[in-house]
Amino acid sequence: MNSRERILAAIAHKRPDRIPVDLGATPSSGISAIAYSNLVKYLGHEELPVQVYDVVQQLAQPHMELLDMFGVDVLDIGRTFNDKSEDWKPTVLANGAPAFYPKWFNPVKMDDGSFATFDNDGKTMLSRMPVGATFFDQTYFPYVDGYPDSYENLDAEMGRIMWARDAHSPWDHAGDDDFWQKLRENTLKLRASTDKALLVVCGCNLFEWGTFLRRMDN
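The working numbering puts the first residue of the sequence shown at 530, with every later residue one more than the last.
Right, here's the structure in full:
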């Protein structure tokens, strides 16, 4: 039973030959960039770059060598984007390890050593990662003081929320003219090259968006 068959059996509530394994096919089953940097060092694979594909949660994109080593059964289709070295730029993690951010991510280092992201006006702080922290905290909640009478600006406000503005791959390319065609082509190409199950994360977190807009305590 190969990985794809194993996953399909589990989804169909049939007994696979073993329990399917995932590492990094979704942010919920991902690995922090700091933990990943420690892992590659422990395994003697420090030549593998730590690519922080989910910048909000600071999650690393595991390399195929390690996925095969651990018998991982699932691949994120998003890994077929940002697949060139020029798509990334160097950064340093909170533990001092070298890593890489997608080239579009430009956090600002503040006077206190924290990192923050800002709206296009350069004034409104949208998120912040304190010194020594391992992820960004949302700081901008457009409806924190109450829901508006009109939602005509809802799209714009949602675009300022860090979860949308700094989305992980493949959705960081969703605005590209050929995105959907590229997504299809990449998926078919990846499927033909592996027997692992393929997965794409779609943020259909409808109720959670209320907390993004209003804040959890409201």
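Here a beta-carbon is modelled for each residue, glycine too, at the ideal position from N, C-alpha and C. Being a predicted model, the structure only gives us computed values, none of them experimental.
Under three-state DSSP, which class holds Met-530?
Met-530: coil per DSSP, three-state reduction.
When the Cα of Val-579 is compared with those of Ala-628, Val-621 and Phe-708, which residue comes out closest?
Per the Cα distances, Ala-628.
Could you say if the region 573 to 592 and the region 549 to 558 meet the contact criterion of at least three C-beta pairs nearer than 8 Å?
Judged by Cβ distances under 8 Å, the region 573 to 592 makes contact with the region 549 to 558, as three or more pairs qualify.
For Ser-561, does the three-state DSSP call read helix, strand or coil?
Reduced to three states, the DSSP call for Ser-561 is strand.
Do Ile-606 and Val-729 come within 8 Å of each other at the CB atom, strictly closer than that value?
Result yes, Cβ atoms of Val-729 and Ile-606 sit closer than 8 Å.
For Arg-533, I'd like the list of residues in its chain whose CB is within less than 7 Å of its CB, leaving aside the five on either flank, ordered along the chain.
So the qualifying residues of the chain are Asp-724, Lys-725 and Ala-726.
Using the beta-carbon count (16 or more within 10 Å), is Phe-741 buried or exposed?
The residue is buried, with at least 16 neighbouring Cβ atoms inside 10 Å.
Just to confirm my understanding: we take Phe-664, look at its own chain, exclude 5 residues before and 5 after, and list those with CB closer than 6 Å. What are they?
Same-chain partners within the cutoff: Gln-586 and Gln-587.
Ordered along the chain, which non-local residues of its own chain (more than five positions away) have a Cβ less than 8 Å from that of Asn-635?
Thr-646.
Look at the Cβ atom of Pro-549, then the Cβ atom of Ile-560, and state whether they are nearer than 8 Å.
Not a contact, by the Cβ cut-off of 8 Å.
Looking only at C-alpha atoms, which of Met-658, Met-639 and Glu-681 sits nearest to Gln-667?
Checking every option, the nearest Cα to that of Gln-667 belongs to Met-658.
Does the distance from the C-beta atom of Tyr-676 to that of Leu-655 stay below 8 Å?
Against a cut-off of 8 Å, the Cβ pair of Leu-655 and Tyr-676 comes out as no contact.
How about Leu-604 and Leu-719: are their beta carbons less than 8 Å apart?
For Leu-604 and Leu-719, yes; Cβs fall inside 8 Å.
With DSSP run on the structure shown, which of helix, strand or coil describes Tyr-582?
Tyr-582 falls in the strand class under three-state DSSP.
Quick check on Leu-742 - is its C-beta less than 8 Å from some C-beta in chain B?
Chain labels in this structure do not include chain B; a single protein chain is all it has.
Suppose the cutoff is 8 Å on Cβ atoms and the five residues either side in sequence are ignored; what does the same chain contact list for Ala-696 look like?
Excluding residues within five positions, the ones whose Cβ falls inside 8 Å are Ala-703 and Gly-732.
Starting from Ser-656, trace the beta strand (DSSP E) in both directions and tell me its first and last residue.
Per DSSP, Ser-656 belongs to the beta strand (DSSP E) from 654 to 658.
Pull up the distance between the alpha-carbon of His-542 and that of Ser-558, whole angstroms please.
If I take the Cα positions, the gap works out to 20 Å.
Does DSSP put Lys-632 in a helix, a strand or coil?
Three-state DSSP puts Lys-632 in coil, outside helix and strand.
For Val-565, which residues in the same chain have their Cβ closer than 6 Å to its Cβ, ignoring the five residues on either side in sequence?
Reading the sequence as shown, one finds Tyr at residue 565 and not Val. Closer than 6 Å at the Cβ level, and outside the excluded window around Tyr-565, lie Val-579 and Ala-589.
So, Val-569 versus Pro-631, is the Cβ gap smaller than 8 Å?
Contact: no.
In angstroms, rounded to a whole number, what distance separates the CA positions of Ala-626 and Glu-575?
Going by the C-alpha atoms only, they are around 10 Å apart.
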